[in-house]
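Student: Residue numbers (our numbering): 60 to 266.
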């Protein structure tokens, strides 16, 4: 006979993901209890749902307390339902008084689950960084397109850049830069001479 404390969690970031709904989590948990356990006894069920950032996760705290008191196993549907971002790994993997079962990994040991959780964290961090870089890349491309509208074409844009940036770095005024562009025979996309106001706008676009 094995005692279990069931824990489910859904956060604001999980909305719209049917596999993470409370019903989906319970489906996986029930499947494990019915097919991988001979005499399971569920002594408690706790959940954390849409807890604002910074507030205590009372559901998991209560579940852990019951596990320690009754030597029960904490049962979750998936590893990512453990709030390791808020509580760290220690309460789930380093505490000898807390045993852990994950429904979708029914044969995994606590050590294997610990390794798997850390690998998942690395994967999430990779994708988060990748997404952030992609956003910045798209923003940079947008700035380049905006910059290109100030000039006739890409070649002219390069020539303008080679004049504008070094002069600005040396502390040249907007009027000085406009004069230098005009002396070089470079014009705006509208075919007019450069003026200080246009140079100022151009510098803002190039940031």
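Idealized CB from N, CA, C, for every residue including glycine.
1. Using a Cβ-Cβ cutoff of less than 7 Å, which residues in the same chain neighbour residue 161 once the five nearest sequence positions on both sides are dropped?
2. Leaving out five residues before and five after residue 121 in sequence, what residues of the same chain have Cβ atoms less than 6 Å from its Cβ?
3. Which residue or residues does DSSP assign as beta-bridge partners of residue 63?
4. Under a three-way DSSP split, which group does residue 229 fall into?
5. Measuring alpha carbon to alpha carbon, tell me which of 176, 165, 140, 163 ends up nearest residue 153.
6. Reducing DSSP to helix, strand and coil, say where residue 161 ends up.
7. Can you tell me whether residue 219 is buried or exposed? The criterion is at least 16 other CB atoms within 10 Å of its CB, across all chains shown.
8. Is the Cβ-Cβ distance between residue 125 and residue 194 less than 8 Å?
9. Are the Cβ atoms of residue 67 and residue 81 separated by less than 8 Å?
Tutor: This is what the structure holds:
1. 135, 137, 138, 167, 172
2. 105
3. 101, 132
4. Under the three-state reduction of DSSP output, residue 229 falls in the coil class, being neither helix nor strand.
5. Looking from the CA of residue 153, the closest CA among 176, 165, 140, 163 belongs to 176.
6. If DSSP states are grouped into helix, strand and coil, residue 161 belongs with the strands.
7. buried
8. no
9. Yes. Within cutoff.
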